[in-house]
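Numbering (this note's numbering), first residue to last: 350 to 434. Every residue, glycine too, gets a C-beta built ideally from N, C-alpha and C. Note that the structure is predicted; figures quoted are calculated from it, not measured.
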């Protein structure tokens, strides 16, 4: 009789453990459904048809940098001349 009671207790414990595991799995599935947008890749723009004329931009930038260099050199030389260095 004692053996039967122990077996019933073991079976009940196994059932409780399995029920708990089922609840954990269900909870995990619900979370995934709620946050499915986090698991999917975001929509990205197709940039294959976009282009720029880099030669014009590089030429303009180079011209502006040369002018800036000349201006800074002039200002620096003027300041050095004023301080007597």
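According to DSSP, simplified to helix, strand and coil, what is residue 376? Residue state for residue 376 is assigned as helix, using DSSP reduced to three classes.
For residue 379 and residue 367, what's the separation of their Cα atoms in angstroms? As the crow flies, the alpha-carbon of residue 379 is around 18 Å from that of residue 367.
So what's residue 402 in DSSP terms, helix, strand or just coil? Correct three-state label for residue 402: coil.
Is residue 363 helix, strand or coil when you go by DSSP? The answer is helix: DSSP assigns residue 363 an H, G or I state.
Helix, strand or coil for residue 368 per DSSP? In the three-state scheme derived from DSSP, where H, G and I count as helix and E and B as strand, residue 368 is classed as helix.
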